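See below for the structure under consideration.
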Amino acid sequence: MPQVKAYAAAASDADLKEISIERRDLHDNDVKIDILYCGVCHSDIHAKLNDWGNAKYPIVPGHEIIGKVTQIGSNVSKYNLGDLVGVGCMVDSCQTCSACEEDMEMWCENGSTSTYNSKDKFLGGHTLGGYSTAIVVREEFVLSIPQNLDIKAVAPLLCAGITTYSPLKHWKVKKGDKVGIVGLGGLGHMGIKFAAAMGAETVMITTSEEKAKDAKRLGANSVIISKDSEQMKAHANSFDFILNTIPVGHDVNPYLALLKRDTTMCLVGAIEPLENIHGANLILRRKNLAGSLIGGIKETQEMLDFCGKHDIVSDVEMINMQEINTAFARVQGSDVKYRFVIDMESLKN
Ligand SMILES: [Zn+2]
Ligand SMILES: [Zn+2]
Numbered sequence: 000m001p002q003v004k005a006y007a008a009a010a011s012d013a014d015l016k017e018i019s020i021e022r023r024d025l026h027d028n029d030v031k032i033d034i035l036y037c038g039v040c041h042s043d044i045h046a047k048l049n050d051w052g053n054a055k056y057p058i059v060p061g062h063e064i065i066g067k068v069t070q071i072g073s074n075v076s077k078y079n080l081g082d083l084v085g086v087g088c089m090v091d092s093c094q095t096c097s098a099c100e101e102d103m104e105m106w107c108e109n110g111s112t113s114t115y116n117s118k119d120k121f122l123g124g125h126t127l128g129g130y131s132t133a134i135v136v137r138e139e140f141v142l143s144i145p146q147n148l149d150i151k152a153v154a155p156l157l158c159a160g161i162t163t164y165s166p167l168k169h170w171k172v173k174k175g176d177k178v179g180i181v182g183l184g185g186l187g188h189m190g191i192k193f194a195a196a197m198g199a200e201t202v203m204i205t206t207s208e209e210k211a212k213d214a215k216r217l218g219a220n221s222v223i224i225s226k227d228s229e230q231m232k233a234h235a236n237s238f239d240f241i242l243n244t245i246p247v248g249h250d251v252n253p254y255l256a257l258l259k260r261d262t263t264m265c266l267v268g269a270i271e272p273l274e275n276i277h278g279a280n281l282i283l284r285r286k287n288l289a290g291s292l293i294g295g296i297k298e299t300q301e302m303l304d305f306c307g308k309h310d311i312v313s314d315v316e317m318i319n320m321q322e323i324n325t326a327f328a329r330v331q332g333s334d335v336k337y338r339f340v341i342d343m344e345s346l347k348n
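Read in order, the letters of the sequence shown are residues 0 to 348 in numbering that gives the first Met the number 0.
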């Protein structure tokens, strides 16, 4: 079994450091990928810290993977040696349940396999992610990368990109709609870029005056400071859709007040309890509060193609693998614009 270098944490309170891991020998429909870049998602930190209670150690995080195909199984038809490809949050699913048949593998009724921290069907143990020099993935979960984009900055599209693109598409955001993006971090900055590219009147809703300028540079038409109740009141009942990227539990009521009758606010960040929701905020104008999780493989490819067409990538700061523990601390302090990406060359030498 081939061994590759990786970065892993041995426990929730341990730093990540270099280890050697196994990747499986190729099955007929497998693609082996030499990893060039891997984005650093906030989920990597939650998982390492066991914030969701399901961590398995050693944990090798990483689900925003860009690489080059170096080996293919005998039945692989979509990819050739040397192709630039991506892998996101999932590496397998049953492919036969109703969710899989409708291209929503993330909700596979038999459980999709996450890129890390899931049961490994082939090697036993658990899956190990993209903080490593190579990975083996079945071809159905491998994505094509548009040739015209800066591939370092494409890595975060595989999670932060699809997480924000999918709800904007699902709720049919179109030209002229007034769309609010709440929170300006890894997710929010992609939300602004997508909503603007879809032709929406894009409004950044943030607590921070400082972020206003950056939001406009990223494509927002205007900014609402959410702590300013006069500004919030001026925009009451005026939004066609709100994408809420705040990563922690918070009071959603002030944002619900911004929605028009019969429209939706979708949560993509806070996987934890919310403060009390006032029923009147939903009932009085038949408003909806919803959630969304990444997107299926077909939609992820559609998102990448959309990015190729509209020249959209993430704003990234490059790091070496050896700097990952500092990078985690900086993400926790919201000190990154807007995504760290690991140059995996640093682990190969
Ligand atoms: Zn992620
Ligand atoms: Zn399934």
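For each residue, glycine too, the CB sits at the ideal point set by N, CA and C. As the structure is a computational prediction, the values presented were derived from the model and not from experiment.
Worksheet item: Below 8 Å, can you find three or more Cβ-Cβ pairs linking the segment 132–151 to the segment 258–269?
Response: no
Worksheet item: Is the Cβ-Cβ distance between residue 154 and residue 6 less than 8 Å?
Response: Sequence index remark: in the sequence shown, residue 154 carries index 155 (1-based). Sequence index remark: in the sequence shown, residue 6 carries index 7 (1-based). Cβ distance not < 8 Å, so residue 154 and residue 6 don't count as in contact.
Worksheet item: Between the segment 303–313 and the segment 279–288, are three or more C-beta pairs nearer than 8 Å?
Response: no
Worksheet item: Does the Cβ of residue 274 lie closer than 7 Å to at least one heavy atom of ligand 2?
Response: Residue numbering aside, residue 274 sits at position 275 when the sequence shown is read from its first letter. Result no, Cβ not under 7 Å from ligand 2.
Practice prompt. Measure the alpha-carbon distance for residue 84 versus residue 232 and round it to whole angstroms.
Written response: Here residue 84 refers to the residue found at position 85 when the sequence shown is read from its first residue. Here residue 232 refers to the residue found at position 233 when the sequence shown is read from its first residue. Between residue 84 and residue 232, the C-alpha separation is close to 46 Å.
Practice prompt. Can you check DSSP and say which residues form a bridge with residue 290?
Written response: Taking the sequence shown and counting its residues from 1, the one referred to as residue 290 is at position 291. Paired residue(s): 266.
Practice prompt. Name the one or two DSSP bridge partners that residue 205 has.
Written response: Along the sequence shown, one-based indexing puts residue 205 at 206. In the DSSP output, where bridge partners are listed per residue, residue 205 has 224.
Discussion item. Let's see if you can read the secondary structure: which residues bound the alpha helix (DSSP H) around residue 298?
Written reply: Walking along the sequence shown from the start, residue 298 turns up at place 299. Unbroken alpha helix (DSSP H) run through residue 298: 296–309.
Worksheet entry | Limits of the unbroken beta strand (DSSP E) element including residue 37 | On the sequence shown, position 38 is the one that residue 37 refers to. Unbroken beta strand (DSSP E) run through residue 37: 29–39.
Worksheet item: Taking just the CA atoms, how far does residue 134 sit from residue 143?
Response: Within the sequence shown, residue 143 is the residue found at index 144, counting from 1. Within the sequence shown, residue 134 is the residue found at index 135, counting from 1. Approximately 16 Å, taken between the alpha carbons.
Practice prompt. Only counting runs of 4 or more residues, tell me where the alpha helix (DSSP H) segments fall wholly within the segment 108–172, in order along the chain.
Written response: 150–153 and 159–169
Worksheet entry | Pairwise C-alpha distance: residue 239 and residue 262 | What you label residue 262 is simply residue 263 of the sequence shown in a count that begins at 1. What you label residue 239 is simply residue 240 of the sequence shown in a count that begins at 1. Between residue 262 and residue 239, the C-alpha separation is close to 6 Å.
Worksheet item: Pick out every residue whose C-beta is nearer than 5 Å to a heavy atom of ligand 1: which are they, in chain order?
Response: 40, 42 and 158
Practice prompt. Leaving out five residues on either side along the sequence, give the residues of the same chain with a beta carbon under 7 Å from the beta carbon of residue 190.
Written response: Locating residue 190 in the sequence shown gives position 191, where the first residue counts as 1. Taken in chain order, the residues that qualify are 163, 180, 242 and 244.
Worksheet item: Excluding the five sequence neighbours on either side, which residues of its own chain have a C-beta within less than 6 Å of the C-beta of residue 205, listed in chain order?
Response: The count along the sequence shown starts at 1 and reaches residue 205 at position 206. These residues qualify, in order along the chain: 183.
Fill in: Helix, strand or coil at residue 261 according to DSSP, with G and I counted as helix
Within the sequence shown, the letter at position 262 stands for residue 261. Strand at residue 261.
Discussion item. For residue 72, which residues in the same chain have their Cβ closer than 6 Å to its Cβ, ignoring the five residues on either side in sequence?
Written reply: Numbered from 1 along the sequence shown, position 73 holds the residue referred to as residue 72. Excluding residues within five positions, the ones whose Cβ falls inside 6 Å are 25, 26, 27, 28 and 29.
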